[in-house]
Amino acid sequence: MKKFLSMLLVAVGLVSCGDDDKPYIPELNKLTSVTCTKNGNAFFNADITYDQDKQINRIILTTEGNQFTDNYIIVDKTISVSGVKMVDGSPTNPFVHTVYTLSGNMIAAKEEKAENEYINNAVYTQTESSYTYSSNWLKSVSKVIRHANKDGSYREIFVGEVDRYSWENGNVVYYAELPHKEITYEYDSQLRPANFPLRVVNSFQPVGFDMVSPINFMYGKMNQNLPTRAYWYYISGAADIRAEYTFRYTLTGDYITGMTIEENIKPDLETGDPAENNTYEYAFVYNFVAEQK
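Heads up: the sequence shown begins at 0 in our numbering, then just goes up one per residue.
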């Protein structure tokens with residue numbers, strides 16, 4: 000009996016010690032490479048590097064035979080993205096094509112710039128987006144669009160709210176492109192790993208690099224779970240699904256190392272576009288050590 004009590008006290012002591020001094024759980028490594036094929040053929044490839052402060056430093060995206068190099072310069076609450084584009088093997092002149100403005104650690108505004116076709120070496124803000132959050136959940140996006148005129152002036156159009164997100168149980172369940180289209184997302188209980196930057200983006204074909212770009216971490220809270228299905232439709236006819244996507248994932252330990260998206264596009268009777276069925280296969284590599292102790 001005494002021996003049993005001694006062993007019990009030792010066990011209690013170990014549990015108490017464990018409660019007071021919880022084990023250190025290292026941070027997961029950062030995503031450094033995304034490769035995607037469409038129906039077995041190359042679709043895109045992205046290589047991502049980070050600086051010593053763990054911030055995005057450069058993203059090199061290769062798609063459809065062209066290479067785009069984006070350099071990220073972070074100064075205080077502004078992220079400037081300077082890009083060199085490869086077209087037919089020849090580089091364009093680099094210019095700052097995107098500027099993000101942060102509020103805290105979230106993107107509050109985004110300026111997308113363009114080269115003025117009427118004035119040499121002139122760059123202007125073509126689209127300006129403002130982001131609205133509720134308790135760090137991205138809720139809506141409003142836009143201003145500018146067009147360059149031949150006389151050197153610009154025509155500005157205040158579009159207003161164009162994107163709207165609806166959240167349930169920590170996940171985006173609806174994204175609407177006002178006033179016409181909406182896409183619905185479904186989830187199961189599979190949690191999204193903390194280093195996997197998958198988010199619902201403003202697209203009705205959720206298969207590009209934008210949906211898994213690390214910049215997604217700066218749009219407030221991320222989805223809690225991994226989506227299993229998405230389908231879009233015109234808001235005026237919600238029962239008429241125009242395209243459907245199913246998601247499958249490959250996990251290695253705590254990492255998502257693969258993702259398969261099956262795309263089923265319905266025939267469009269109005270435009271005459273035929274049905275399409277495509278398979279996208281993604282591979283993810285995490286080589287940047289986020290935390291070492």
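C-beta atoms are modelled at their ideal positions from N, C-alpha and C, and glycine is treated no differently.
These numbers come from a predicted model, not from an experiment.
In the DSSP assignment, S152 falls outside any beta strand (DSSP E), carrying neither H nor E.
Looking at the backbone, the Cα of Y164 and that of R191 are separated by about 19 Å.
For I58, the enclosing beta strand (DSSP E) begins and ends at 55-62. DSSP lists Y99, S128 as the bridge partner or partners of K109.
Taken atom to atom, the span from the alpha-carbon of I144 to that of V158 is near 7 Å. Here I240 carries a strand assignment [DSSP, helix/strand/coil].
If you draw a straight line from the Cα of D50 to the Cα of V288, it comes to about 11 Å. Per DSSP, S141 is one residue of the beta strand (DSSP E) stretching across 136-147. Close CB contacts of Q204 within its chain, under the 8 Å cut and outside five residues either way in sequence, are with A242, E262 (chain order). The criterion of a C-beta distance shorter than 8 Å is satisfied by V161 and S141. For Q223, there is no enclosing beta strand (DSSP E), as DSSP gives it neither H nor E.
Of the residues assessed, P226 falls on the buried side of the cut-off, its CB having 16 or more other CB atoms within 10 angstroms. Per DSSP, the beta-bridge partners of N44 are T34, T61. By the C-beta density criterion, A121 is exposed, having fewer than 16 other C-beta atoms within 10 angstroms. In this structure P213 is in contact with K29, their Cβ atoms being roughly 7 Å apart against a cut-off of 8 Å. Straight-line measurement puts the Cα of G207 at about 19 Å from the Cα of Y285. If you look at K180, you'll find it in the beta strand (DSSP E) that goes 180-190. Listed in chain order, the non-local C-beta contacts of A175 below 6 Å within the same chain comprise R163, E181, local neighbours out to five positions each way being set aside.
Contact between the region 166-174 and the region 145-154 is absent, with fewer than three C-beta pairs closer than 8 Å.
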